[in-house]
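> My numbering applies: residue 3 is where the sequence shown begins, and numbers increase by one. Ideal placement from N, C-alpha and C gives every residue a C-beta, glycine not left out. Values in this document were obtained by computation on a predicted structure and should not be read as measured data.
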Amino acid sequence: MKLLSAIVPCYNEEENIADFYQEFMKNEAFFHEKEIELEILFINDGSKDGTVAEVKKLVEKDKRVHLVSFSRNFGKEAAIYAGLEKAKGDYVVFMDADLQDPPSILPEMYGYLEQGYDSVATRRVDRKGEPPVRSFFARMFYKIMRKISRTEIMDGARDYRLMSRPVVDAILSMPEYNRFSKGIFGWVGFETKWLEFDNIERKKGETKWSFWKLFIYSIDGITAFSTAPLAFAAFMGVFFCLAAFVFIIFIIVRKLLFGDPTSGWPSLVCIISLISGVQLFCLGIVGQYLAKTYMEVKRRPIYLIKEEL
Ligand code: UDP
Ligand code: MG
């Protein structure tokens, strides 16, 4: 018998746990036929509601259900990593607890592994039910990312992904602290099949991602998978040096030809504020990378476990 582990990060998902379990186990018969057993790892990411109690009910009833409980909220990326470390399966799949990743397409996904793919990823083709401002910025993010990063990052990719063991081990070999899964999946490579589905709205509860959280996350993504902003800072430096040089020549020549007295402090103020703005911006970019490096060299654990069942 082989084993398929589902990793389910949960942060305040008490209303969804039971529904998720039920939906997921509908695949039992299909996988039994393939001689594959199922297990679910609920990773409780420091929930403040009854999530742990809900999971414990299932653990008592069904020994294929496991609980890993963090000491506080470490974020979904940490939960994904913990899940990978704990999962024993020959196949591993990530799924959201809110049923936005439909368990019903799991057999179809498995079919592609049988065909020889190493992993099967999903993306949603529309963003219905999402605030337009958020969709706009999300699209911008992917557009910029595609330009500045050599790692392929798909627009609308969800974390819903089924992988075989070699891919899991590859991801585990990347123990970096600043984790950006969408980039990591692309970076490790392997033969990946992309499935598309229409966006499904969350069953119960509400999204854990505020606009601000997403914005910070996008900066994590950029710094983790591209150094283009640093090159941009250097480019701005060169550009302003050249501009200043041209400007100096212009002033000298004008002085020699027309003998103009130097005048115009408003223009001077504008130039100074523009250039100091650019300088601070570029310094900020360098600072971002420095901060990430600082967090990385500290080698703090990615998550801490309070309880494991
Ligand atoms: N999640 C988590 N830790 C967090 C935020 C979210 O484990 O800090 C989990 C959450 O419980 C859910 C999944 O990550 O299972 C996706 O979160 P959510 O549905 O809020 O995101 P969205 O689908 O809106 O992008
Ligand atoms: Mg969701």
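Hey, how far is the Cα of alanine 20 from the Cα of phenylalanine 26?
As a working mapping, residue 20 is identified with position 18 in the sequence shown. As a working mapping, residue 26 is identified with position 24 in the sequence shown. C-alpha separation (whole angstroms): 10 Å.
> Distance, Cα to Cα, serine 49 vs glutamate 41?
For the purposes of this step, residue 49 is taken as the residue at position 47 of the sequence shown. For the purposes of this step, residue 41 is taken as the residue at position 39 of the sequence shown. Rounded to the nearest angstrom, the two C-alpha atoms are 21 Å apart.
> Any idea what DSSP makes of leucine 294, helix, strand or coil?
Counting from one through the sequence shown, the residue named residue 294 turns up at place 292. The residue asked about is misnamed: residue 294 is lysine in this sequence, not leucine. Lysine 294 falls in the helix class under three-state DSSP.
> Below 6 Å CB to CB, which residues in the same chain sit around valine 67 once its five sequence neighbours on both sides are set aside?
In the sequence shown, counting from the first residue as 1, residue 67 sits at position 65. Here the set comprises Ile42, Leu60, Val61.
> Check whether the region 180 to 195 and the region 150 to 158 are in contact - that is, three or more C-beta pairs closer than 8 Å.
yes
> Pick helix, strand or coil for aspartate 161, following the three-state DSSP scheme.
By one-based count along the sequence shown, residue 161 stands at place 159. Here aspartate 161 sits in strand by DSSP.
> Taking C-alpha atoms, which residue in Leu282, Ala140, Gly261, Arg126 lies nearest to isoleucine 218?
Counted from its first residue, the sequence shown places residue 218 at position 216. Measuring from the Cα of isoleucine 218, the nearest candidate turns out to be Ala140.
> Does the Cβ of leucine 382 have 16 or more other Cβ atoms within 10 Å, making it buried, or fewer, making it exposed?
Because the chain here runs from 3 to 311, residue 382 falls outside it and cannot be looked at.
> Could you tell me if aspartate 98 is buried or exposed, where buried requires 16 or more neighbouring beta carbons within 10 angstroms of its beta carbon?
Here residue 98 refers to the residue found at position 96 when the sequence shown is read from its first residue. Aspartate 98 should be labelled buried.
> In three-state terms, what does DSSP make of proline 11?
As a working note, residue 11 is residue 9 in the sequence shown. Correct three-state label for proline 11: strand.
> Using a threshold of 8 Å, state whether the C-beta atoms of glutamate 15 and glycine 207 are closer than that.
As a first step, residue 15 is located in the sequence shown; it is residue number 13 there, counting from the start. As a first step, residue 207 is located in the sequence shown; it is residue number 205 there, counting from the start. In this structure, glycine 207 lies closer than 8 Å to glutamate 15 by Cβ.
> Given serine 275, which residues of its chain have a CB within under 7 Å of its CB, disregarding the five upstream and five downstream residues?
To locate residue 275, count along the sequence shown from 1; it is residue 273. Counting only Cβ-Cβ distances below 7 Å, and skipping sequence neighbours, we find nothing.
> Taking the straight line between their C-alpha atoms, what separation do you get for glycine 185 and valine 169?
The count along the sequence shown starts at 1 and reaches residue 185 at position 183. The count along the sequence shown starts at 1 and reaches residue 169 at position 167. Approximately 14 Å, taken between the alpha carbons.
> Can you give me the start and stop residues for the beta strand (DSSP E) that leucine 197 sits inside?
Counting from 1 along the sequence shown, the entry for residue 197 is found at position 195. First-last of the beta strand (DSSP E) with leucine 197: 194 to 199.
> Which of helix, strand or coil does DSSP assign to asparagine 29?
Translated into positions along the sequence shown, residue 29 becomes position 27. For asparagine 29, the three-state secondary structure derived from DSSP is coil.
> Run the proximity test for aspartate 98: is its beta-carbon closer than 7 Å to any non-hydrogen atom belonging to the ligand MG?
As a first step, residue 98 is located in the sequence shown; it is residue number 96 there, counting from the start. Yes.
> Alpha carbon to alpha carbon, how far is tyrosine 305 from glycine 289?
Translated into the one-based positions of the sequence shown, residue 305 becomes position 303. Translated into the one-based positions of the sequence shown, residue 289 becomes position 287. About 25 Å.
> Going by C-alpha distance, which of Val57, Ile287, Glu30 is nearest glycine 239?
As a position in the sequence shown, residue 239 is number 237, starting the count at 1. Comparing Cα-Cα distances from glycine 239 to each of Val57, Ile287, Glu30, the minimum goes to Ile287.
> Of all the options Leu174, Ile253, Cys12, which has the alpha carbon lying nearest to the alpha carbon of aspartate 100?
Within the sequence shown, numbered from 1, the residue matching residue 100 stands at position 98. Out of Leu174, Ile253, Cys12, Cys12 has the C-alpha closest to the C-alpha of aspartate 100.
> How about arginine 160 and arginine 126: do their beta carbons lie closer than 8 Å?
Within the sequence shown, the letter at position 158 stands for residue 160. Within the sequence shown, the letter at position 124 stands for residue 126. Yes. Within cutoff.
> With aspartate 47 and glycine 77 assumed to form a contact (beta carbons below 8 Å), what rounded beta-carbon distance in angstroms separates them?
Your numbering for residue 47 matches position 45 in the sequence shown. Your numbering for residue 77 matches position 75 in the sequence shown. Sure, about 7 Å apart at Cβ, within 8 Å.
> CB threonine 209 to CB tyrosine 162, shorter than 8 Å?
Mapped onto the sequence shown, residue 209 falls at position 207. Mapped onto the sequence shown, residue 162 falls at position 160. No, Cβ-Cβ distance for threonine 209 and tyrosine 162 is not below 8 Å.
> Would leucine 6 be called buried (16 or more neighbouring beta carbons within 10 Å of its own) or exposed?
Taking the first residue of the sequence shown as 1, we reach residue 6 at position 4. Per the 10 Å Cβ criterion, buried.
> Within 7 Å: the Cβ of threonine 209 and any heavy atom of the ligand MG?
Walking along the sequence shown from the start, residue 209 turns up at place 207. Result yes, Cβ under 7 Å from the ligand MG.
> Helix, strand or coil for valine 127 per DSSP?
Counting from 1 along the sequence shown, the entry for residue 127 is found at position 125. Correct three-state label for valine 127: coil.
> Considering just the uninterrupted stretch of the beta strand (DSSP E) at phenylalanine 247, what are its terminal residues?
Position 245 of the sequence shown, counted from the start, is the residue given in the question as residue 247. Looking at the DSSP string, phenylalanine 247 is not in any beta strand (DSSP E); the run it does join, the alpha helix (DSSP H), is 230 to 260.
> So who's on the other strand from tyrosine 93, going by DSSP bridges?
Sequence index remark: in the sequence shown, residue 93 carries index 91 (1-based). Tyrosine 93 pairs with Leu6, Ser166.
> Can you determine whether any heavy atom of the ligand MG sits closer than 7 Å to the C-beta of arginine 204, and answer yes or no?
What you label residue 204 is simply residue 202 of the sequence shown in a count that begins at 1. Result yes, Cβ under 7 Å from the ligand MG.
> Tell me whether the beta-carbon of serine 166 lies closer than 8 Å to the beta-carbon of leucine 115.
Locating residue 166 in the sequence shown gives position 164, counting from the first residue. Locating residue 115 in the sequence shown gives position 113, counting from the first residue. In this structure, leucine 115 lies closer than 8 Å to serine 166 by Cβ.
> Just the Cα atoms here: how many angstroms apart are aspartate 103 and cysteine 284?
Along the sequence shown, read from residue 1 onward, the residue named residue 103 stands at position 101. Along the sequence shown, read from residue 1 onward, the residue named residue 284 stands at position 282. Going from the Cα of aspartate 103 to the Cα of cysteine 284 covers about 39 Å.
> Name, in chain order, the residues that DSSP records as bridge partners for valine 70.
Within the sequence shown, numbered from 1, the residue matching residue 70 stands at position 68. Paired residues: Ile45, Glu310.
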